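> Numbering (my numbering), first residue to last: 1113 to 1189. Sharing a structure below in structure tokens format, with a few things to ask.
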Amino acid sequence: MKIMPNIKNIKTEAQDYLNAKMNNMTTSDRVKASREGKRLILVINEFFKSTNEKSLMDLMKAITVKKKKIEVRLNGK
């Protein structure tokens, strides 16, 4: 059984992820950042399903934008 993290902790982690600098990242750092973004989106989505808070949706969108930028750089497109 998974233990659901506290939404406040997740919001803090998400803000830290969004505020993290992307310059001078190695390829492995980009992979880790992409995976962390995916994890955050999935956890926030579980909370969003039960609450339908607009702020959670906005947070997921912002994380997705940053994650896509990282993945574009990873894939070299």
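Every residue, glycine too, gets a C-beta built ideally from N, C-alpha and C. Please read all numbers here as calculations on a predicted model, not as lab measurements.
So what does DSSP say about Asn1118, is it helix, strand or coil?
Correct three-state label for Asn1118: coil.
> Can you say whether Val1155 is buried or exposed, counting buried as having 16 or more other CB atoms within 10 angstroms of its CB?
Within 10 angstroms of the beta-carbon of Val1155 lie 16 or more other beta-carbons, which makes it buried.
> Check Met1169 in the structure and name its three-state DSSP category.
helix
> Taking the straight line between their C-alpha atoms, what separation do you get for Lys1166 and Val1143?
29 Å
> How many whole angstroms separate the CB atoms of Glu1125 and Leu1168, which I take to be in contact at a CB cut-off of 8 Å?
At roughly 13 Å, the Cβ-Cβ gap does not stay under 8 Å, so Glu1125 and Leu1168 are not in contact.
> Ordered along the chain, which non-local residues of its own chain (more than five positions away) have a Cβ less than 8 Å from that of Ala1132?
Ala1145
> From which residue to which residue does the alpha helix (DSSP H) around Lys1144 run?
1139-1163
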